[in-house]
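Reminder that position 87 of the sequence shown reads as 87 in full-length UniProt numbering, one-by-one numbering, no gaps.
Every residue gets a Cβ at the ideal spot worked out from N, C-alpha and C, and that includes glycine.
Worksheet: one structure, shown below.
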Amino acid sequence: MVLITTFLVNVLCALVPCPPQFPGPEISDNNLIDSQADTFRHLRGTNNDTDSDNLQPFEIEPRVGISNGKVEGYFMKTVGGRRILAFEGIPYAEAPIGSRRFRIRVRIAWGTKFLRAFSTCSES
1 MVLITTFLVN
11 VLCALVPCPP
21 QFPGPEISDN
31 NLIDSQADTF
41 RHLRGTNNDT
51 DSDNLQPFEI
61 EPRVGISNGK
71 VEGYFMKTVG
81 GRRILAFEGI
91 PYAEAPIGSR
101 RFRIRVRIAW
111 GTKFLRAFST
121 CSES
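This is the structure:
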């Protein structure tokens with residue numbers, strides 16, 4: 001029964017496209033570490049009028065604080081053309097190699113330096 005229901009839902013989604021409508025990300029000023037937080041104030045709204053013409057030619061990278069330390073991200077455009085703050089490839093634990101293999105994860109804390117969260121691939 002579950003298999004038939006899944007099949008029918010997939011057929012329906014193939015015939016009737018229904019793109020998901022996700023709300024825009026909310027940006028809170030109290031999470032921004034950088035003293036130049038005014039640079040990001042134009043991203044707070046949900047309208048799509050934030051294009052590259054309205055931005056400074058030399059933008060700072062967005063920096064936020066999380067429980068493990070400080071993270072530095074970058075700006076990117078969505079498929080719809082909205083500019084958002086992106087933080088990719090943030091590790092949640094030490095690599096499970098050597099003595100940590102098949103053990104409980106060990107949380108990463110990178111201290112006072114900024115983790116550059118630019119890539120989803122840990123090797124690049």
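What is the DSSP secondary structure of residue i, counted as helix, strand or coil?
i: Arg-100; result: helix
i: Phe-118; result: strand
i: Val-106; result: coil
i: Phe-87; result: coil
With DSSP as the reference, identify every bridge partner of residue i, one or two as the case may be.
i: Gly-81; result: Its beta-bridge partners do not exist; DSSP assigns none.
i: Asp-69; result: It is Gly, not Asp, that sits at residue 69 in the sequence shown. Looking at the DSSP assignment, Gly-69 forms a beta bridge with Ile-66.
i: Phe-7; result: Paired residues: none, contrary to the question.
i: Met-76; result: Ile-84
Of the residues the options, which one's Cα is nearest the Cα of residue i?
i: Phe-75; options: Ala-86, Ala-109, Pro-17, Ala-95; result: Ala-86
i: Pro-91; options: Arg-100, Gly-98, Val-71; result: Val-71
i: Arg-63; options: Ala-95, Lys-77, Lys-113; result: Lys-113
i: Arg-116; options: Met-1, Gly-73, Leu-3, Glu-94; result: Gly-73
i: Trp-110; options: Val-11, Ala-14, Ile-66; result: Ile-66
i: Ser-119; options: Phe-7, Val-11, Glu-88; result: Glu-88
* Flag this pair as touching only if the region 77–84 and the region 105–113 have three or more C-beta atom pairs under 8 Å; answer yes or no. => no
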